[in-house]
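Novice:
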Amino acid sequence: MEPTLTFKFSTITLVLASTVLLGLAGCEATLPKLGTTGSQTTATGAAAGEATQNANSVLEKCPSPLGTVALVEETSADWYRAFTTEYRLGSTVPVLRLMIQQSNCFVVVERGRAFANMERERALMAQGQSRAGSNMGGGQIVAADYSMTPEVLISARGTGGAGGGLAGFSPGLSLIGAIAGGMRTNEANTLLMLTDNRSGVQVSASQGNASNTDFNVGAVLFGGGGGGGMGGYTNTPQGKVIIAAFTDSYNQMVKALRLYKPQRVTGQGLGGGGKLGVDGGAAPSQTYVPSEKSVVRKAPVKKAAP
Numbered sequence: 390m391e392p393t394l395t396f397k398f399s400t401i402t403l404v405l406a407s408t409v410l411l412g413l414a415g416c417e418a419t420l421p422k423l424g425t426t427g428s429q430t431t432a433t434g435a436a437a438g439e440a441t442q443n444a445n446s447v448l449e450k451c452p453s454p455l456g457t458v459a460l461v462e463e464t465s466a467d468w469y470r471a472f473t474t475e476y477r478l479g480s481t482v483p484v485l486r487l488m489i490q491q492s493n494c495f496v497v498v499e500r501g502r503a504f505a506n507m508e509r510e511r512a513l514m515a516q517g518q519s520r521a522g523s524n525m526g527g528g529q530i531v532a533a534d535y536s537m538t539p540e541v542l543i544s545a546r547g548t549g550g551a552g553g554g555l556a557g558f559s560p561g562l563s564l565i566g567a568i569a570g571g572m573r574t575n576e577a578n579t580l581l582m583l584t585d586n587r588s589g590v591q592v593s594a595s596q597g598n599a600s601n602t603d604f605n606v607g608a609v610l611f612g613g614g615g616g617g618g619m620g621g622y623t624n625t626p627q628g629k630v631i632i633a634a635f636t637d638s639y640n641q642m643v644k645a646l647r648l649y650k651p652q653r654v655t656g657q658g659l660g661g662g663g664k665l666g667v668d669g670g671a672a673p674s675q676t677y678v679p680s681e682k683s684v685v686r687k688a689p690v691k692k693a694a695p
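Quick note: the working numbering has the sequence shown finishing at residue 695, numbered continuously throughout.
1. In its own chain, which residues sit with a C-beta less than 6 Å from the C-beta of Ile489, not counting the 5 before and 5 after it?
2. So what does DSSP say about Gly617, is it helix, strand or coil?
3. Exposed or buried, Pro539, counting other C-beta atoms within 10 Å across all chains shown (16 or more means buried)?
4. Could you tell me which residues DSSP pairs with Gly597 in its beta bridges?
5. Spatial neighbours of Val531 within its chain, please: C-beta separation below 8 Å, excluding the five flanking residues on both sides.
6. May I ask which residues mark the beginning and end of the alpha helix (DSSP H) holding Val458?
7. Under a three-way DSSP split, which group does Ala437 fall into?
8. Taking C-alpha atoms, which residue in Gln627, Tyr639, Pro679 and Glu449 lies nearest to Gly479?
9. When the Cα atoms are used, what is the spatial distance from Tyr476 to Pro679?
10. With a 10 Å radius around its C-beta and 16 neighbouring C-beta atoms as the bar for buried, classify Glu463 as buried or exposed.
11. Quick check for students: name the residue ranges of the alpha helix (DSSP H) that lie wholly in the region 439 to 503, counting only runs of 4 or more.
12. Let's test the definition: count the other Cβ atoms within 10 Å of the Cβ of Leu460 and tell me whether it reaches 16, buried, or not, exposed.
13. Ile631: buried (16+ other C-beta within 10 angstroms of its C-beta) or exposed?
14. Take the Cβ of Ala599 as the centre, count every other Cβ of all protein chains shown within 10 Å, and call the residue buried at 16 or more, exposed below.
15. Could you check if Ala521 is buried or exposed, using at least 16 other CB atoms within 10 Å of its CB as the buried criterion?
16. Anyone know if the C-beta pair for Thr579 and Ala634 falls short of 7 Å?
17. In this structure, what does DSSP give as the bridge partners for Asp585?
18. Tell me whether Val590 sits in a helix, a strand or coil according to DSSP, three-state version.
19. In chain order, what residues of the same chain lie with their CB nearer than 6 Å to the CB of Ala594, ignoring the 5 residues before and after it?
20. Give me the residue from Thr430, Pro454 and Cys451 with the minimum Cα distance to Asn443.
21. Using alpha carbons as the reference points, say which of Ala512, Met537, Tyr535 and Asp534 lies closest to Met525.
22. If you draw a straight line from the C-alpha of Arg500 to the C-alpha of Thr474, how long is it?
23. With DSSP as the reference, identify every bridge partner of Val357, one or two as the case may be.
24. May I ask you to check if the CB of Gly661 is nearer than 6 Å to at least one heavy atom of the ligand SAM?
25. Quick one: what does DSSP say Thr636 is sitting in, helix, strand or coil?
26. Does the beta-carbon of Arg441 have 16 or more other beta-carbons within 10 angstroms, so that it is buried, or is it exposed?
27. Roughly how many whole angstroms lie between the Cα atoms of Thr696 and Tyr535?
28. Nearest to Ala437 by alpha carbon, out of Arg470, Cys451, Leu487 and Ser446?
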């Protein structure tokens with residue numbers, strides 16, 4: 390009785406799969422569609438000032454910004470070289486800038502390639518090449534209160550795929566085993582670090598992770614036995630998994646910053662020598678922050694031309 394049922398099941402599956410393939414064979418390629426959900430990442434929509442459009446609902450948000458931030462990507466790091474060569478992905482900065490502005494937790498300031506163009510415009514103004522009233526003079530750049538550094542700790546594809554051995558125990562388990570063996574997991578683990586630019590003190594660090602499962606279409610339809618060319622995996626771009634991990638990292642950071650309390654070294658302040666003294670070392674000293682008058686440098690006032 391069992392061989393008959395198996396034969397019928399295989400025949401029905403083959404007929405259904407053949408019908409689908411024949412239907413697709415007569416189809417023409419579709420035109421590109423704007424805003425398709427299938428091509429989205431966890432970073433969606435747009436931001437303009439404090440306004441957002443179609444932002445991901447899972448993104449943590451703040452009622453008002455905590456300060457200004459610049460993104461710093463270590464392009465010489467090993468992870469970045471693998472990131473751009475193995476997966477052929479671009480910089481992580483643009484997608485992080487989108488998420489940060491949508492969250493309204495920080496105001497993003499430019500310190501990347503566009504900053505060179507800002508300097509070029511000021512140089513043209515200084516050379517007298519810009520129109521009168523262009524207002525490209527000094528004293529207008531907003532300082533970055535913080536620097537945020539992203540890093541990809543782990544990025545791996547196809548880390549799953551167990552279960553094919555079930556077929557050896559019972560013919561009835563062969564299909565289940567083939568399906569289980571036709572799944573693989575894509576994983577990413579990321580880190581974000583937030584540094585205070587005035588003191589160099591790390592304010593926050595957060596880890597995030599994400600994963601998804603790709604399926605072997607041939608294993609699902611044919612139990613791993615007769616899929617032929619149908620045996621390819623559904624292919625989720627690894628960039629989507631990495632962006633999801635960074636979304637998790639950023640959300641974790643925002644949650645921690647809501648509870649933020651500065652670390653203190655009681656009795657001496659930061660950088661005064663610490664409490665872990667060594668034999669023969671200098672005694673810790675009380676540190677202080679220079680007064681505002683000794684730190685602030687006012688921009689020179691230009692005299693009007695006679």
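Even for Gly, the Cβ is constructed at its ideal location relative to N, Cα and C.
Specialist: On the basis of the coordinates in this document:
1. Walking along the sequence shown from the start, residue 489 turns up at place 100. Result list for Ile489: Phe495 and Val497, in chain order.
2. Your numbering for residue 617 matches position 228 in the sequence shown. Caution applies to Gly617, whose pLDDT of 39 falls short of 50 and renders its modelled position unreliable; the value that the coordinates give is listed next. DSSP places Gly617 in helix when its eight states are reduced to three.
3. By 1-based counting over the sequence shown, the position of residue 539 is 150. Buried.
4. Along the sequence shown, one-based indexing puts residue 597 at 208. Its beta-bridge partners are Thr579.
5. Position 142 of the sequence shown holds residue 531. Within the same chain, Cβ atoms closer than 8 Å to the Cβ of Val531 are found at Thr457, Val496 and Val498, the five residues on either side in sequence being excluded.
6. As a position in the sequence shown, residue 458 is number 69, starting the count at 1. Where Val458 is concerned, there is no enclosing alpha helix (DSSP H), although the beta strand (DSSP E) it sits in stretches over Thr457 to Leu460.
7. For this step, residue 437 is matched to residue 48 along the sequence shown. DSSP places Ala437 in strand when its eight states are reduced to three.
8. Along the sequence shown, one-based indexing puts residue 479 at 90. Of Gln627, Tyr639, Pro679 and Glu449, the residue nearest in Cα terms is Gln627.
9. Mapped onto the sequence shown, residue 476 falls at position 87. Mapped onto the sequence shown, residue 679 falls at position 290. Near 48 Å, if we compare the C-alpha coordinates of Pro679 and Tyr476.
10. Translated into positions along the sequence shown, residue 463 becomes position 74. With fewer than 16 other Cβ atoms within 10 Å, it is exposed.
11. As summarised for the region 439 to 503, the continuous alpha helix (DSSP H) elements at least 4 residues long and confined to that stretch are 467 to 474 and 482 to 492, given in chain order.
12. To locate residue 460, count along the sequence shown from 1; it is residue 71. That one is buried.
13. Residue numbering aside, residue 631 sits at position 242 when the sequence shown is read from its first letter. Counting Cβ neighbours within 10 Å, Ile631 comes out buried, since at least 16 surround it.
14. Your numbering for residue 599 matches position 210 in the sequence shown. Buried, because 16 or more other Cβ atoms sit within 10 Å of the Cβ of Ala599.
15. Taking the first residue of the sequence shown as position 1, residue 521 is located at position 132. By the C-beta density criterion, Ala521 is exposed, having fewer than 16 other C-beta atoms within 10 angstroms.
16. Taking the first residue of the sequence shown as 1, we reach residue 579 at position 190. Taking the first residue of the sequence shown as 1, we reach residue 634 at position 245. Yes. Within cutoff.
17. For the purposes of this step, residue 585 is taken as the residue at position 196 of the sequence shown. Beta-bridge pairing links Asp585 to Tyr535.
18. Here residue 590 refers to the residue found at position 201 when the sequence shown is read from its first residue. Coil.
19. Position 205 of the sequence shown, counted from the start, is the residue given in the question as residue 594. Met582, listed in sequence order.
20. Here residue 443 corresponds to residue number 54 of the sequence shown, with the count starting at 1. Per the Cα distances, Thr430.
21. Stepping through the sequence shown from its first residue, residue 525 is reached at position 136. The closest CA to that of Met525, considering only Ala512, Met537, Tyr535 and Asp534, is found on Ala512.
22. Stepping through the sequence shown from its first residue, residue 500 is reached at position 111. Stepping through the sequence shown from its first residue, residue 474 is reached at position 85. Taking the straight line from one Cα to the other gives about 24 Å.
23. Limits of the chain in this structure are 390 at one end and 695 at the other, which puts residue 357 out of reach.
24. Within the structure as shown, the ligand SAM is missing, as the structure has no ligands at all.
25. Residue mapping note: residue 636 aligns to position 247 of the sequence shown, counting from 1. If DSSP states are grouped into helix, strand and coil, Thr636 belongs with the helices.
26. The residue given as residue 441 occupies position 52 in the sequence shown. First, the residue type needs correcting, since residue 441 is Thr and not Arg in the sequence shown. Thr441 should be labelled buried.
27. Nothing about residue 696 can be read from this structure; the chain reaches only from 390 to 695.
28. By one-based count along the sequence shown, residue 437 stands at place 48. Per the Cα distances, Leu487.
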